[in-house]
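Data block below; observations after.
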Amino acid sequence: MNKQCKALIAGLCMSVLPSVAIADKPETVTVGFLNLVNAQLVTKSLGLVQKEMPGVEIKYIKVGGGGDMLRAIAGDQIDFGGLGNPPAAIGVTRGLPIQGIMVLNMLDYVEALAVRTSAGIKSLKDLKGKTIAAPFGSTTHYLLLNALADEGIDPASMKIIDLRPNDIALAWSRGDIDAAWFWEPALGRVLEDDANLFNTSGLMAARGYPTWDVGVVMNEFAEKYPDYVTKFLKAECAGIDYWLNNPAETAVIIAKELGLDLDDATRMMKGTEMVPCAKQLTAQYIGTSEKDGGFVDTLVSTGNFLYEQKRLPAAASVEKMSNFIRPEYLESIVK
Amino acid sequence: MTFRRWLATLTQMVQRPENRRFIISSCSVLMMFGAWVFVTKTGLANPLFLPGPEAIYLAFVDALFEGYQGSTLLEHVGTSLFRILSAFFLACLVGIPLGVAMGMSKTAHAIFNPFIEFYRPLPPLGLYTLLVMWLGIGESSKLALLFLAGLPGIIIATVQAVKDINPTYVLATKSLGASRMELIREVYLPGAGPTILTGMRISLGFVYTVLVAAEIVAATAGIGWMIWDAAKFLLSDIVIMGLIILGLTGIALDVIMRLIGFALMPWTRATRQFSKS
Numbered sequence: 000m001n002k003q004c005k006a007l008i009a010g011l012c013m014s015v016l017p018s019v020a021i022a023d024k025p026e027t028v029t030v031g032f033l034n035l036v037n038a039q040l041v042t043k044s045l046g047l048v049q050k051e052m053p054g055v056e057i058k059y060i061k062v063g064g065g066g067d068m069l070r071a072i073a074g075d076q077i078d079f080g081g082l083g084n085p086p087a088a089i090g091v092t093r094g095l096p097i098q099g100i101m102v103l104n105m106l107d108y109v110e111a112l113a114v115r116t117s118a119g120i121k122s123l124k125d126l127k128g129k130t131i132a133a134p135f136g137s138t139t140h141y142l143l144l145n146a147l148a149d150e151g152i153d154p155a156s157m158k159i160i161d162l163r164p165n166d167i168a169l170a171w172s173r174g175d176i177d178a179a180w181f182w183e184p185a186l187g188r189v190l191e192d193d194a195n196l197f198n199t200s201g202l203m204a205a206r207g208y209p210t211w212d213v214g215v216v217m218n219e220f221a222e223k224y225p226d227y228v229t230k231f232l233k234a235e236c237a238g239i240d241y242w243l244n245n246p247a248e249t250a251v252i253i254a255k256e257l258g259l260d261l262d263d264a265t266r267m268m269k270g271t272e273m274v275p276c277a278k279q280l281t282a283q284y285i286g287t288s289e290k291d292g293g294f295v296d297t298l299v300s301t302g303n304f305l306y307e308q309k310r311l312p313a314a315a316s317v318e319k320m321s322n323f324i325r326p327e328y329l330e331s332i333v334k
Numbered sequence: 000m001t002f003r004r005w006l007a008t009l010t011q012m013v014q015r016p017e018n019r020r021f022i023i024s025s026c027s028v029l030m031m032f033g034a035w036v037f038v039t040k041t042g043l044a045n046p047l048f049l050p051g052p053e054a055i056y057l058a059f060v061d062a063l064f065e066g067y068q069g070s071t072l073l074e075h076v077g078t079s080l081f082r083i084l085s086a087f088f089l090a091c092l093v094g095i096p097l098g099v100a101m102g103m104s105k106t107a108h109a110i111f112n113p114f115i116e117f118y119r120p121l122p123p124l125g126l127y128t129l130l131v132m133w134l135g136i137g138e139s140s141k142l143a144l145l146f147l148a149g150l151p152g153i154i155i156a157t158v159q160a161v162k163d164i165n166p167t168y169v170l171a172t173k174s175l176g177a178s179r180m181e182l183i184r185e186v187y188l189p190g191a192g193p194t195i196l197t198g199m200r201i202s203l204g205f206v207y208t209v210l211v212a213a214e215i216v217a218a219t220a221g222i223g224w225m226i227w228d229a230a231k232f233l234l235s236d237i238v239i240m241g242l243i244i245l246g247l248t249g250i251a252l253d254v255i256m257r258l259i260g261f262a263l264m265p266w267t268r269a270t271r272q273f274s275k276s
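Those sequence lines, one after another, are chains A and B. Going by numbering that gives the first Met the number 0, the first residue of the first sequence is number 0, and it counts up by one from there. Going by numbering that gives the first Met the number 0, the first residue of the second sequence is number 0, and it counts up by one from there.
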């Protein structure tokens with residue numbers, strides 16, 4: 000074996016060893032956050048995760064929607080992420096290595112079905128023959144199809160197209176679509192136009208279709224650095240408390256982070272419900288490690304719905320969904 | 000006896016160079032397939048990312064008869080091929096005359112070249128955002144993107160082909176009193192034909208590469224859309240099946256184009272014979 004070869008091997012060992020030796024601290028933590036209005040923006044803006052994890056490089060990646068987030072998870076590009084209930088049901092059923100550790104937000108009128116005022120849409124039946132947009136695979140696509148199914152309307156009687164929120168706003172201003180179920184901040188741009196709200200995700204929650212975003216962590220990260228999962232949760236809980244206690248300051252932060260007017264930010268905040276961490280461990284949300292909460296039920300019904308839509312190869316398994324939701328990390332900091 | 004003769008003919012066939020290339024290609028494809036079967040059967044590959052061949056086959060049969068999200072596989076393929084071919088046809092219709100003009104006249108070259116050189120390296124998705132703003136989410140923006148992807152390859156090949164024509168032919172034809180149109184018809188087009196065809200083949204490849212990008216926005220059918228949609232739901236069997244079909248249709252179109260080339264330009268057959276090793 001010549002010298003160069005030895006040097007190369009030594010170099011390789013040195014580059015591998017430190018990461019094995021100091022396994023109690025990750026070098027970087029990558030947080031994929033969804034492009035929507037919730038307390039993660041506060042946590043990010045105030046640097047709360049960094050405060051909990053001194054000496055660790057924190058990277059934030061903005062992810063456009065659930066589909067992109069699933070790809071980021073499948074490609075192992077993030078440590079923490081956020082998923083709406085449909086992508087979460089997809090990811091869990093397909094066996095992605097993730098666990099749900101907290102409630103990021105409950106969706107109210109921050110996500111809504113906007114209809115073109117001049118198109119004269121008075122009921123869902125009026126959507127027949129019209130073009131409706133929703134980001135496929137997202138919470139709003141799920142609600143749109145459920146809302147239609149509840150009134151017995153065949154989705155094939157209209158043209159439902161797949162557009163991402165920013166593209167919806169673009170298509171709306173061009174007059175290419177008559178209705179769309181999507182979310183802020185793109186929703187706000189459309190509402191300034193010839194549009195009004197027809198249905199909201201909050202109304203659908205009252206009808207038994209709650210939609211929410213759940214914070215997830217990669218299994219590998221959670222096994223390697225369980226302490227850092229709790230550190231992350233502490234930071235996010237502090238962000239949620241800040242949101243609940245300082246609405247005015249929060250609005251300024253949201254406006255800055257998303258490049259919005261203060262009024263818009265305030266309206267969007269009201270359309271999103273933040274759940275204090277202690278309350279998250281109740282039956283309505285993620286429950287406790289002894290007893291599953293409502294999130295598991297929602298995941299199961301979402302999974303079954305997607306299976307009927309042939310978007311999933313198998314029906315949802317209660318066991319899988321229950322194993323996915325891990326309240327124990329949150330329990331360790333709330334108690 | 001007959002077996003021996005059969006064996007002899009077989010050996011002879013294998014030894015013929017054109018067959019040998021085919022056999023080597025088949026072997027490399029088979030080995031790739033074998034490696035695929037191996038890594039999926041032994042569990043080396045995560046089935047979520049790389050399902051086995053049988054899963055792809057099942058996805059294919061399912062899409063063929065049951066359809067994927069409202070359209071059968073044939074409808075998806077048909078929609079995409081219609082988009083690809085109409086855009087490509089338009090690109091040829093614009094690109095070849097423009098290329099001939101640019102190759103023949105330095106002024107024409109100076110007028111058009113900056114634009115082509117400028118937009119050619121732009122990423123298709125960046126361009127697409129603008130096209131959607133201008134043309135909307137319907138068919139026209141998709142066709143425009145595919146068209147723009149195919150255009151430069153044809154133009155550049157045509158310009159080069161026209162420039163490469165031996166000036167003696169041009170002078171000889173001119174001295175016989177040929178008009179400009181006759182010159183194009185009798186010298187430039189036949190002389191440049193083979194290179195133009197190569198340009199068209201490369202260009203069709205470029206059209207293919209932007210198909211998924213073109214079908215991301217507001218499509219409800221098309222093989223590119225199917226791949227994009229399935230990826231969102233982590234249906235990797237459908238993604239891979241779609242990619243294989245896309246690849247196979249691409250190869251088929253390429254073969255068809257070469258056959259058309261042979262039919263239109265019989266003299267290229269002779270040069271091919273000589274070039275064979």
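For glycine and all other residues, C-beta sits at the position ideal for the given N, C-alpha and C. Owing to the predicted nature of the structure, the values given are computational and were not obtained by experimental measurement.
Problem - Contact test: G66/A Cβ vs the ligand GTP heavy atom, cutoff 6 angstroms - result: Summarising the ligand content, the structure contains no ligands, and the ligand GTP is consequently not present.
Practice task
Look up E53/B in the DSSP assignment and say whether it is helix, strand or coil.
Solution key: Taken through DSSP and simplified to helix, strand or coil, E53/B comes out as helix.
Practice task
Would you kindly check if the distance between the Cβ of G214/A and the Cβ of G81/A is under 7 angstroms?
Solution key: A contact, by the Cβ cut-off of 7 angstroms.
Problem - CB contact check: I136/B to chain A, cutoff 7 angstroms - result: Answer yes: the Cβ-Cβ gap between I136/B and chain A drops below 7 angstroms somewhere.
Handout entry: Enclosing beta strand (DSSP E) for L82/A [first to last residue]
Key = In this chain, the beta strand (DSSP E) harbouring L82/A covers 79 to 83.
Problem - Outcome for R82/B when other beta-carbon atoms lying within 10 angstroms are tallied against a minimum of 16 - result: Note on R82/B: 16 or more other CB atoms within 10 angstroms of its CB, so buried under the neighbour-count rule.
Practice task
Return the residue from the list A38/A, G258/A, E150/A, D166/A that minimises the CA-CA distance to L126/A.
Solution key: Relative to the Cα of L126/A, the nearest Cα in the group A38/A, G258/A, E150/A, D166/A belongs to E150/A.
Handout entry: Min CB distance R173/A to chain B below 7 angstroms
Key = Interface annotation, R173/A: in contact with chain B, CB-CB separation under 7 angstroms.
Practice task
Determine, using beta-carbon pairs with one atom in the stretch 95 to 111 of chain A and one in the stretch 154 to 166 of chain A, whether at least three such pairs fall under 8 angstroms.
Solution key: Not touching, per the Cβ criterion.
Problem - Spatially closest choice to P326/A from I285/A, G293/A, Q308/A, by CA coordinates - result: Per the Cα distances, I285/A.
Practice task
Look at the alpha carbon of G285/B and the alpha carbon of G270/A, and state the distance between them as a whole number of angstroms.
Solution key: Residue 285/B lies beyond the stretch modelled for chain B, which goes from 0 to 276, so this question has no answer here.
Practice task
Would you decide whether R3/B is buried or exposed? Buried here means 16 or more other CB atoms lie within 10 Å of its CB.
Solution key: Exposed is the call here.
Practice task
Identify the continuous beta strand (DSSP E) that holds I159/A and give its terminal residues.
Solution key: Taken as a continuous stretch (DSSP letters only), the beta strand (DSSP E) holding I159/A covers 158 to 161.
Handout entry: Interface flag, A217/B vs chain A, CB-CB below 7 angstroms
Key = Chain A contact via Cβ: present.
Exercise for the section: Under 9 angstroms between beta-carbons, which chain A residues line up against M240/B? List them in chain order, please. Expected result: By Cβ distance, chain A contributes nothing, its closest Cβ being about 14 angstroms from M240/B, past 9 angstroms.
Handout entry: is_contact[A315/A, chain B] using C-beta, thresh 7 angstroms
Key = By this cut-off, A315/A is not an interface position.
Problem - Whether A185/A touches A168/A by CB criterion (7 angstroms) - result: For A185/A and A168/A, yes; Cβs fall inside 7 angstroms.
Problem - Alpha-carbon spacing of S294/A relative to Q283/A, whole angstroms - result: First, the amino acid is wrong: residue 294/A is Phe here, not Ser. It is roughly 7 angstroms from the alpha-carbon of F294/A to the alpha-carbon of Q283/A.
Exercise for the section: Could you say if the stretch 225 to 238 of chain B and the stretch 28 to 44 of chain B meet the contact criterion of at least three C-beta pairs nearer than 8 angstroms? Expected result: Touching, no.
Exercise for the section: Give the secondary structure of F232/B by DSSP, where H, G and I count as helix, E and B as strand, and everything else as coil. Expected result: In the three-state reduction of the DSSP assignment, F232/B falls in the coil class.
Exercise for the section: Quick one: residues in its chain with C-beta nearer than 6 angstroms to the C-beta of I202/B, no 5 flanking neighbours on either side, listed in chain order? Expected result: Here the sequence assigns Ser to residue 202/B, which means Ile is not the residue at that position. Hits under 6 angstroms: G149, G152, I153.
Practice task
Starting from the C-beta of V299/A, find all residues in its chain whose C-beta is less than 7 angstroms away, skip the five residues before and the five after it, and write them out in chain order.
Solution key: Excluding positions up to five away in sequence, the list reads A315, V317, M320.
Practice task
Tell me whether F323/A is buried or exposed, calling it buried when 16 or more other Cβ atoms sit within 10 Å of its Cβ.
Solution key: Burial of F323/A is indicated by the presence of at least 16 other C-beta atoms within 10 angstroms of its C-beta.
Practice task
Quick one: residues in its chain with C-beta nearer than 6 angstroms to the C-beta of L69/A, no 5 flanking neighbours on either side, listed in chain order?
Solution key: Excluding sequence neighbours, L69/A sits near P86, G90.
Handout entry: Where A73/A meets chain B, residues with beta-carbon distance less than 8 angstroms
Key = Residues of chain B passing the Cβ test: L47, F48, L233.
Handout entry: N-terminal and C-terminal residue of the beta strand (DSSP E) that Q98/A is part of
Key = Residues 97 to 106.
Practice task
Below 8 angstroms on the Cβ atoms is my guess for E256/A versus L40/A; work out the distance and round it to an integer in Å.
Solution key: Approximately 4 angstroms separates the beta-carbon atoms of E256/A and L40/A; this is inside 8 angstroms, confirming the contact.
Practice task
Output yes if chain B places a C-beta closer than 7 angstroms to the C-beta of R188/A; else output no.
Solution key: No, no contact with chain B.
Handout entry: is_contact[I89/A, chain B] using C-beta, thresh 7 angstroms
Key = Yes - at least one Cβ of chain B is within 7 angstroms of the one on I89/A.
Problem - N34/A and G63/A closer than 7 angstroms at C-beta - result: Yes; because the gap between Cβ atoms is below 7 angstroms, this pair is in contact.
Practice task
Helix, strand or coil for R15/B, going by three-state DSSP, please let me know.
Solution key: For R15/B, the three-state secondary structure derived from DSSP is coil.
Handout entry: Same chain only: Cβ atoms within 8 angstroms of T219/B, ignoring 5 sequence neighbours per side
Key = Excluding sequence positions up to five before and after T219/B, its CB lies within less than 8 angstroms of the CB of Q68, G69, S70, all in the same chain and listed in chain order.
Problem - Status (buried if at least 16 other CB within 10 Å, exposed otherwise) for R206/A - result: That one is exposed.
Handout entry: CB of I237/B within 7 angstroms of CB of A58/B, strictly
Key = Result yes, Cβ atoms of I237/B and A58/B sit closer than 7 angstroms.
Practice task
Determine whether the Cβ of R206/A lies closer than 7 angstroms to any Cβ atom of chain B.
Solution key: No, its Cβ sits nowhere closer than 7 angstroms to a Cβ of chain B.
Problem - DSSP three-state assignment for Y284/A, whether helix, strand or coil - result: Three-state result, Y284/A: coil.
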